[in-house]
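S.K.: The following block contains the structure, expressed as structure tokens.
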Amino acid sequence: MTAEPIPAKTPAIRCTGLTKRFGETVVLDGFDLTVPAGSILGLLGPSGSGKTTALRIIAGFEKPDAGTVEIAGRTMVSRTAWVPPERRRVGMVFQDYALFPHLSVATNIGYGVPGPGRDARVAAALHLVGLHGAAARYPHELSGGEQQRVALARALAPQPDVVLLDEPFSNLDAPRRDRMRRDVRTILTEARATTVFVTHDQEEALAMSDAVAVMRHGRVLQVDEPSTLYRRPADCWVARFLGEAEFVAGTARHGSIDTPLGSFPAAEGLAGPVEVMIRPESVEILPGGDDATVTDREYYGHDQLVTLRMNDGSRLLSRIGPYPPVAPGERVGVLIREIVAFGAAPGHQHGG
Amino acid sequence: MIGRSEAAVPSTPPTAGTPAPRWLWLVAAAVLIPAAVPFLALVVRVGGDGAAALDVLWSARTLRLIGNTTALVAAVSVSDLVIGIGAAWLTTRTDLPWRRGWAVLAALPLVIPSYVIAMALRSAFGPRGLLADLTGIGFPIINGFPGAWLALTVATYPFVYLVAAAAMRKMGRSQEEAARGLGAGRWRVFRTVILPHLRPSVSAGVLLAALYTLSDFGAVSLMRFDAFTRVVYAQYAGRLDRTTASVLAVILVGLAAAVLVLEQRTRGRAAYHTPAPEAPAPPVPLSGAGRLAGTGILAALAAVSLLLPIGVLATWLGKGGGAPIPWGAVAGSIAGAGAAALVAGLAAAPVSVLVVRHRSRASAWVERVSYALFALPHLTVALAVVFFASRWLGGLYQSLTLLVLVYASIFFAQALAAGRAALLQVNPHLEEASRGLGRGALATMVGVTVPLVWRGLAAGALLVFLTTMKELPATLLLRPTGFDTLAVGIWSAADNLQYAAAAAPALLLIAVSAVPAYLLAARSHDR
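Heads up: the sequence lines are chains A and B, in that order.
Taking this note's numbering, the leading residue of the first sequence gets 1, the next gets one more, and so forth.
Taking this note's numbering, the leading residue of the second sequence gets 1001, the next gets one more, and so forth.
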């Protein structure tokens, strides 16, 4: 499931078997991750899944109990090696930005750039994040979004091998967050920086990343491109975590799956009891049909989410366009365009 | 400017981060070892000669000393409690006129060392004292137990007063009003609500006062009262018997430990904090007689603790008829205390980083050892250093370097506490950001940590300066020949009943101490 490393190129980051406990709590439990150079990877997981700890271990702010970290082919941590954070060439953007309150914006950005050429690099970084006029100001004089840009510029100015962002947008309000996401992605792409960012927000991870790694209980469950991840989750838990879905039980045999909602084509070789996932987007509503009753509807403007009670009593969600509006109590037809089946094979049992 | 980062201090995980760089440990060791190692050597030596130690311990004289010292500590603690809580209540919870002014006056005796108060009491009272001169009436002499009790009460009640006043100021009105609503009268409210609320902080204040009394040498020696410290010093100074001096010094430490344990026991288990900031309680209106009585009490306190010592010193200064200003002692005091403050303040930065940012069992011990050295009677530590240095450190024995290192070592806890408190206000991500940007641990400390905590470090260093200026027993034992300080000058003149010679250095000491004391007080009002 690990993303394919770009051939003939060393991965920017390779973590193997990272383990970390705080007292009794196991925070990381065999964490493996490979990040190809130049890509943006979202590390996604619920709170407490260990994602921030993994990031801090890569940066060198925590020491793992076991496991190794390589950055650009150099071993940073292993049983015998330890490279302190200041010699890792890693730029970190903290959730609270951590700008030095006693230094101006320009001095903050220049902090990690050695002597000659510093002014030019600071100017370039300010330009990159669109804050030309703010060089002489102090962090407390900036808005939250501006502080974040300075933090990003400061991390990028020393031209690090890797940039790490910890929950980068969680301190911004919703409208500003969407803009910052787009801007930050543009900046990171322009800087051609290999990036890992931590988030618990599925949409954010899918929208920002070239690849998303899903974490739970201190390990990585799946790494894939956003669309693959969404359409082909490795197990029921990942499927549910990435977005709304309903599950029905079915039986697979001879290349087809029988469920109470009808039969669907199945991969060759799949046999026996399966869980079938149906995403709301794959459920189409046909007016004038007689498959289900509308029980509830949430109207969002750009689309609507409809709750259906199927004739056999099971529940199904459907996300459809804004027209035609449907009303509770209405009888409708239902067309299921796509499903994902999870067999009872090993490694597919996380969903429970 | 620091406001923003304070708002977002994240919770630190239980075992924070990465192992501490080795040089942090070296600084911690360097600042603590000068007092800790000789002290341990003394304890080991006394423990190793168990029979001799037991002989000294069970002698009638030692038991009498234990009785004397315990009685003094108990009496001072009780009078501190009554005066400290009473003055705090009058100045914070009533509508007494001029209560802000009284509040400042009540804290001021903190800058007057116990031996100056003792000297003032001794020379003012008695059939041929200053008061008798002035009035023609023969006042009774004040010395012995009552003298030591009075002098040390005046010197230590501000410890209780300051914490009690702070706690009363912070206490909201809801608990008090709830009690009144349930039918309790004023006195019952004071007894059942206010006093229990004060217990944890006041208990800490009494602990400080008790440890101060236990370690005090100046006042008991001038009052000719046989407390432990006076006898230990006599044994040492008279070159009578090293073993006896050592054993007594170690027993004194045992008493200090007993006081600590007792304080822990009485502190109780209930939680006394008020959950959220609430409206302050309205002041209790005093009747006309109440105002008169309250003003009278605070005026009497100020008369004994401030007017009397300053008046006596001024009178003696006049009588001395232009005694020369002891510039050598002034220079010695400022140099010794200044160097100690500098050493402690500089070491406090890395050691604060060690105990706050690299929390571990070992770093917790660094903190414990520094507090223990602060709580130990200085006379015991000084005696231990004398024995250790005269045997093992030929060149350093009776050098200014050793004296300054021992000062810094025993007062380091004050600098560490201030540095630690300041560092806890700083977002650890700032230091991590600096490391991530390519600066090493030392460069990060210089470029980020120190600029953000220097006010705290400076306050800690000032406190060390203040306490070192007033320090007496360690200075007496460890000073190089020819090195004079104001404290030594005052004490030796007063001990020889040459009060006129003690007046100028005493006033100078108070004047020089007042500067850092004022700066510290101004700083705590800013917050």
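All residues carry an ideal CB built from backbone N, CA and C; glycine is no exception.
Is the distance from the Cβ of residue 1406(B) to the Cβ of residue 1035(B) below 7 Å?
M.R.: Cβ atoms of residue 1406(B) and residue 1035(B): closer than 7 Å.
S.K.: Using alpha carbons as the reference points, say which of 105(A), 143(A), 283(A) lies closest to residue 132(A).
M.R.: Nearest of 105(A), 143(A), 283(A) to residue 132(A), Cα basis: 105(A).
S.K.: Would you report the Cα separation of residue 1317(B) and residue 1309(B), rounded to the nearest angstrom?
M.R.: Those two C-alpha atoms are separated by around 12 Å.
S.K.: Determine, using beta carbons only, whether residue 1429(B) comes closer than 7 Å to chain A.
M.R.: Chain A, which has a Cβ nearer than 7 Å to the Cβ of residue 1429(B), makes this yes.
S.K.: So which residues of chain B does residue 92(A) contact, with C-beta pairs closer than 8 Å?
M.R.: Within chain B, the residues near residue 92(A) are 1432, 1433, 1436.
S.K.: Count the other CB atoms, across all protein chains shown, that sit within 10 Å of the CB of residue 36(A); report buried if there are 16 or more and exposed otherwise.
M.R.: Buried, by the Cβ-count rule.
S.K.: Does residue 1451(B) get closer than 7 Å to chain A when you measure Cβ to Cβ?
M.R.: For residue 1451(B), the answer is yes, since a Cβ of chain A falls inside 7 Å of its Cβ.
S.K.: Which residue comes first and which comes last in the alpha helix (DSSP H) that contains residue 299(A)?
M.R.: No alpha helix (DSSP H) contains residue 299(A), which is instead part of the beta strand (DSSP E) from 283-299.
S.K.: Drop a sphere of 10 angstroms on the beta-carbon of residue 1212(B), count the other beta-carbons inside from all chains shown, and report buried for 16 or more, exposed for fewer.
M.R.: Its Cβ being crowded by 16 or more others within 10 Å, residue 1212(B) is buried.
S.K.: Drop a sphere of 10 angstroms on the beta-carbon of residue 1427(B), count the other beta-carbons inside from all chains shown, and report buried for 16 or more, exposed for fewer.
M.R.: So residue 1427(B) counts as buried.
S.K.: Is there at least one Cβ from chain D nearer than 7 Å to residue 111(A)'s Cβ?
M.R.: Of the protein chains in this structure, namely A and B, none is chain D.
S.K.: Pairs of beta-carbons, one from the region 1145-1159 of chain B and one from the region 1182-1191 of chain B, closer than 8 Å: are there three or more?
M.R.: Contact between the region 1145-1159 of chain B and the region 1182-1191 of chain B is absent, because fewer than three Cβ pairs lie under 8 Å.
S.K.: If you scan the region 1180-1250 of chain B from start to end, which runs of the beta strand (DSSP E) of 3 or more residues do you find wholly inside it?
M.R.: Taking only runs of at least 3 residues, no beta strand (DSSP E) segment lies wholly in the region 1180-1250 of chain B.
S.K.: Relative to the C-alpha of residue 287(A), which residue among 330(A), 259(A), 126(A) is closest?
M.R.: The candidate whose alpha carbon is nearest that of residue 287(A) is 330(A).
S.K.: Measure the alpha-carbon distance for residue 1275(B) versus residue 1047(B) and round it to whole angstroms.
M.R.: With a pLDDT of 49 at residue 1275(B), under the threshold of 50, the modelled position of this residue cannot be trusted, and the question is left open.
S.K.: Is it the case that the Cβ atoms of residue 314(A) and residue 280(A) are separated by a distance below 7 Å?
M.R.: Cβ atoms of residue 314(A) and residue 280(A): not closer than 7 Å.
S.K.: If we call anything under 7 Å between Cβ atoms a contact, is residue 1480(B) one with residue 1398(B)?
M.R.: Yes. Within cutoff.
S.K.: Taking the straight line between their C-alpha atoms, what separation do you get for residue 1341(B) and residue 1214(B)?
M.R.: Using only the alpha carbons, I get a separation of about 24 Å.
S.K.: Rounded to a whole number of angstroms, what is the C-alpha to C-alpha distance between residue 305(A) and residue 211(A)?
M.R.: For residue 305(A) and residue 211(A), the distance between alpha carbons rounds to 28 Å.
S.K.: Using 10 angstroms around the beta-carbon of residue 148(A), count the other beta-carbons present and answer buried if the total reaches 16, otherwise exposed.
M.R.: Buried, by the Cβ-count rule.
S.K.: I'd like the span of the beta strand (DSSP E) that includes residue 316(A), first residue to last.
M.R.: It spans 315-320 - the beta strand (DSSP E) in which residue 316(A) sits, taken as one unbroken run.
S.K.: Since residue 1379(B) and residue 1193(B) are thought to touch, with beta carbons under 8 Å apart, how far apart are those beta carbons, to the nearest angstrom?
M.R.: Rounded, the Cβ-Cβ distance is 41 Å, inconsistent with contact.
S.K.: Could you tell me the boundaries of the beta strand (DSSP E) in which residue 34(A) lies?
M.R.: Per DSSP, residue 34(A) belongs to the beta strand (DSSP E) from 25-35.
S.K.: Quick check: the Cα distance between residue 1203(B) and residue 123(A), rounded to an integer number of angstroms?
M.R.: Answer to the nearest angstrom: the Cα atoms are 58 Å apart.
S.K.: Should residue 337(A) be labelled buried (16 or more other beta-carbon atoms within 10 Å of its own) or exposed?
M.R.: It counts as exposed.
S.K.: Answer with yes or no whether the minimum CB distance from residue 1456(B) to chain A is below 7 Å.
M.R.: Taking Cβ atoms only, chain A never reaches closer than 7 Å to residue 1456(B), which makes this a no.
S.K.: How is residue 196(A) classed by DSSP in three states: helix, strand or coil?
M.R.: Reduced to three states, the DSSP call for residue 196(A) is strand.
S.K.: Cβ of residue 1440(B) less than 7 Å from any chain A Cβ?
M.R.: Output row for residue 1440(B): interface = yes.
S.K.: Whole angstroms is fine: what's the gap from residue 1326(B)'s alpha carbon to residue 1485(B)'s?
M.R.: Each residue's Cα considered, the two are about 9 Å apart.
S.K.: If you scan the region 1483-1521 of chain B from start to end, which runs of the alpha helix (DSSP H) of 4 or more residues do you find wholly inside it?
M.R.: With a minimum length of 4 residues, the continuous alpha helix (DSSP H) runs that stay inside the region 1483-1521 of chain B are 1486-1495.
S.K.: Identify which residue in 311(A), 72(A), 220(A), 191(A) has its Cα closest to the Cα of residue 28(A).
M.R.: Residue 220(A) is the option with its Cα nearest to residue 28(A).
S.K.: Which whole runs of the beta strand (DSSP E) in the region 1389-1441 of chain B are 3 residues long or more, in chain order?
M.R.: Complete beta strand (DSSP E) runs here, min 3: none at all.
S.K.: Compare the beta carbon distance of residue 18(A) and residue 198(A) with 7 Å and say whether it is the shorter of the two.
M.R.: No, Cβ-Cβ distance for residue 18(A) and residue 198(A) is not below 7 Å.
S.K.: Residue 1068(B): buried (16+ other C-beta within 10 angstroms of its C-beta) or exposed?
M.R.: Residue 1068(B) is buried by the Cβ-count criterion.
S.K.: Closest by CA to residue 1461(B), which one among 1492(B), 1243(B), 1115(B), 1420(B)?
M.R.: Closest option to residue 1461(B), Cα to Cα, is 1420(B).
S.K.: Tell me the DSSP bridge mates of residue 264(A)?
M.R.: Residue 264(A) is bridged to 257(A).
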